[in-house]
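Visitor: I have a structure here, written as structure tokens, and I will follow up with some questions on it.
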């Protein structure tokens, strides 16, 4: 079925309209910053409608550069959800942004727009440009608190490492272009599936993989992640750990499955080894952490290892597992960050020790954090468990038994540090004053909805399971 | 001048840029080195475009120039704030976070 340009680009057009509207309201009216955030949250919420609308559509626009299919729409759902919840998190963080909150939300919206185009790209150079589009906003956001030494340090490190990795990525694309004679996915795939590739093609492929490795913080390109996650403003850390990681995996899936093809070049074993090393680095590194955001930086490196496991399987089922895991991880991690931002504001500290006795100060907040941590750790019947189950099963079916065992062992390691946070919240008395934390309506509603979806999707996995199935099928 | 000459030049440029990023201790020099790396990729695109007789590669290099310009604009802005707040542009001095 082919549809016209404007129908296929409905979500993007809507988002551009929202960005212009927010910009206009900020420039020409004296609207309160808090109201502007609420307005953007409402706008993004309405955009879900356009995504539901384009879900059954298939087609090309912009001369084949822009593709609409189930995979693209699935990823756009994750990006939009991440953007929406990041704005909810930002709402709790406005006090630190002063009168610049409108700039902050505009940059987040622009980043989401870049991610939307990324999900639909069909050639290597627009893949590069959309990733840069997304990351350029994130450089500014990371260094946004310009009087805070941590934020500046994080911004500088992220900029240097990010720009370095994009240069490597681009240099790789130039060799693929030179040897395949095109940057279109289908044209390169024909070259990749032939028996003999030129060494330059393989070198280009290796450089592209390294560039993407930086974006998803996979071993051995993960060194920037803990510093950047810790120093960045908390809403940005939430966005980085979900949307930016999803963007990196979008690029990886496109390069491995659409450009190279699942059977060419034997990339599966390489990804399996990277997956195992990433798992070990993230989870063992997290054990020694005392800062909450840094703990989540390491734990998100560990989750990248599980996500890579499904890709390493190189099958439709593995890809489905990775997509399911991405959605489950996005829901659980954003819940955790919503709690972290509220708790950090009230406790005045981001150290894990400050969370002592949180259950007495706010049972609802602690309860949501409890569910989110168990879901991230992979405890049934929560949604995170089923994601882990799928990627482990895909690895076993592919014959990577060692990788599946390593993954199972890492579940136990990750439970150790997740449970130690729970121990601080529930079984230790509060350090200072034990006054109650009052929650606003918006965070209460969001946390309630997120907890309900973690439990609900964990018990009735079918909707998300078939949604991911349809998305994975588009590349096979 | 064959394709290989251009590719070797671009490889040398890329290596100079990479060593600059990893070895130099000034944020501005690091940004310049990243520019050198991006331009090495540009040279390689243009050389391949001429070799393949395909305009695509030259169009790509125009896009890359735009991306590189915006990256440097953000980088310099961060460098200015960094110098104003901390009085140094040495990345080795930035070691608040470890572990």
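Protein chains in written order, with the working numbering: chain E, 331 to 806; chain F, 91 to 189. We put the beta carbon where it would ideally sit given N, CA and C, even for glycine.
Report yes if the CB atom of residue 342(E) is closer than 8 Å to the CB atom of residue 447(E), and no otherwise.
Guide: Yes, Cβ-Cβ distance for residue 342(E) and residue 447(E) is below 8 Å.
Visitor: I'd like to know whether the C-beta atoms of residue 547(E) and residue 634(E) end up nearer to each other than 8 Å.
Guide: For residue 547(E) and residue 634(E), yes; Cβs fall inside 8 Å.
Visitor: My guess is that residue 564(E) and residue 623(E) are in contact by the Cβ rule of under 8 Å, so how many angstroms apart are they, rounded?
Guide: Contact holds; Cβ gap of about 7 Å.
Visitor: Give the secondary structure of residue 356(E) by DSSP, where H, G and I count as helix, E and B as strand, and everything else as coil.
Guide: Correct three-state label for residue 356(E): helix.
Visitor: Might you give, ordered along the chain, the residues of its own chain that have their beta carbon closer than 7 Å to the beta carbon of residue 688(E), omitting 5 neighbours on each side?
Guide: So the qualifying residues of the chain are 673, 695, 696, 755.
Visitor: Residue 489(E) to residue 469(E), Cα distance in whole Å?
Guide: The alpha-carbon atoms of residue 489(E) and residue 469(E) are separated by roughly 6 Å.
Visitor: Taking the beta carbon of residue 477(E) as the centre, do at least 16 other beta carbons fall within 10 Å, making it buried, or is it exposed?
Guide: It counts as exposed.
Visitor: Residues of chain E with CB closer than 8 Å to the CB of residue 155(F), please, in chain order.
Guide: Correct list: empty, because the minimum Cβ distance to chain E is about 12 Å.
Visitor: Spell out whether any CB of chain E is found under 8 Å from the CB atom of residue 140(F).
Guide: Cβ-Cβ to chain E under 8 Å: no for residue 140(F).
Visitor: Measuring only between beta-carbons, confirm whether residue 460(E) sits less than 8 Å from chain F.
Guide: No - not a single Cβ of chain F is within 8 Å of the one on residue 460(E).
Visitor: Between residue 576(E) and residue 405(E), which are expected to be in contact by the criterion C-beta below 8 Å, what is the C-beta distance as a whole number of angstroms?
Guide: Yes, they are in contact, since the Cβ atoms of residue 576(E) and residue 405(E) sit about 7 Å apart, within 8 Å.
Visitor: Less than 8 Å separating the beta-carbons of residue 800(E) and residue 654(E)?
Guide: For residue 800(E) and residue 654(E), no; Cβs fall outside 8 Å.
Visitor: Among the candidates 656(E), 781(E), 627(E), 621(E), whose CA atom is the shortest distance from the CA of residue 407(E)?
Guide: Ranking 656(E), 781(E), 627(E), 621(E) by Cα distance to residue 407(E) puts 656(E) first.
Visitor: Indicate whether at least one CB of chain F lies closer than 8 Å to the CB of residue 364(E).
Guide: Answer no: the Cβ-Cβ gap between residue 364(E) and chain F never drops below 8 Å.
Visitor: Does any residue of chain F have a CB that is nearer than 8 Å to the CB of residue 470(E)?
Guide: Yes, residue 470(E) lies at the interface with chain F (some Cβ there is under 8 Å from its Cβ).
Visitor: CA-CA distance, residue 422(E) and residue 351(E)?
Guide: Near 22 Å, if we compare the C-alpha coordinates of residue 351(E) and residue 422(E).
Visitor: Which same chain residues, not among the five before or five after residue 174(F), have their C-beta less than 6 Å away from its C-beta?
Guide: Answer for residue 174(F): no residue qualifies.
Visitor: Would residue 750(E) count as contacting chain F if we go by Cβ distances under 8 Å?
Guide: For residue 750(E), the answer is no, since every Cβ of chain F falls outside 8 Å of its Cβ.
Visitor: Residues bridged to residue 397(E) by DSSP?
Guide: The partner list for residue 397(E) (beta bridge, DSSP) reads 390(E).
Visitor: Taking C-beta pairs closer than 7 Å, name the residues in chain F that residue 519(E) reaches, listed in chain order.
Guide: Neighbours of residue 519(E) on chain F: none; closest Cβ ~17 Å, over 7 Å.
Visitor: Name the two residues that bound the continuous alpha helix (DSSP H) containing residue 540(E).
Guide: Per DSSP, residue 540(E) belongs to the alpha helix (DSSP H) from 529-546.
Visitor: Please return the same chain residues whose Cβ sits closer than 7 Å to the Cβ of residue 106(F), not counting the five positions on each side in sequence.
Guide: Here the set comprises 126.
Visitor: Note down the Cα distance separating residue 619(E) from residue 625(E), rounded to an integer number of angstroms.
Guide: Rounded to whole angstroms, residue 619(E) to residue 625(E) spans 6 Å at the Cα level.
Visitor: From the DSSP output, in three-state form, read off residue 451(E) for me.
Guide: DSSP places residue 451(E) in strand when its eight states are reduced to three.
Visitor: Enumerated in chain order, which unbroken segments of the alpha helix (DSSP H) with a length of 4 residues or greater are wholly contained in the segment 551-580 of chain E?
Guide: Fully enclosed alpha helix (DSSP H) runs of 4 or longer: 554-561, 564-569.
Visitor: Would you report the Cα separation of residue 176(F) and residue 679(E), rounded to the nearest angstrom?
Guide: Straight-line Cα distance between these residues: approximately 23 Å.
Visitor: If you measure between the beta carbons of residue 338(E) and residue 382(E), is that distance less than 8 Å?
Guide: Their beta carbons are not under 8 Å apart, which means residue 338(E) does not touch residue 382(E) by this criterion.
Visitor: Taking residue 476(E) as the query, report the chain F residues whose CB atoms sit under 8 Å from its CB, ordered along the chain.
Guide: Simply 171, 175.
Visitor: Output needed in chain order: residues of the segment 504-517 of chain E with a Cβ under 9 Å from some Cβ in chain F.
Guide: Listed in sequence order: 504, 505, 507, 508, 509, 511, 512, 513.
Visitor: Given a limit of 8 Å on CB to CB distance, which residues of the segment 550-584 of chain E reach chain F?
Guide: Flagged, chain order: 556, 557, 560, 561.
Visitor: Straight-line CA distance for residue 453(E) to residue 434(E)?
Guide: Whole-angstrom Cα-Cα distance: 30 Å.
Visitor: What distance in whole Å lies between the Cβ atoms of residue 589(E) and residue 542(E), which are believed to be in contact at a cut-off of 8 Å?
Guide: Not a contact, Cβ separation roughly 12 Å.
Visitor: Using a Cβ cut-off of 8 Å (strictly closer), state whether residue 447(E) contacts chain F.
Guide: No, its Cβ sits nowhere closer than 8 Å to a Cβ of chain F.
Visitor: Would you check if there are 3 or more beta carbon pairs closer than 8 Å linking the segment 636-643 of chain E to the segment 711-731 of chain E?
Guide: Touching, yes.
Visitor: Quick check: is the beta carbon of residue 182(F) nearer than 8 Å to any beta carbon in chain C?
Guide: Among the chains of the structure shown, chain C does not appear; the protein chains present are E and F.
Visitor: DSSP three-state label for residue 514(E), please.
Guide: Strand, per DSSP.
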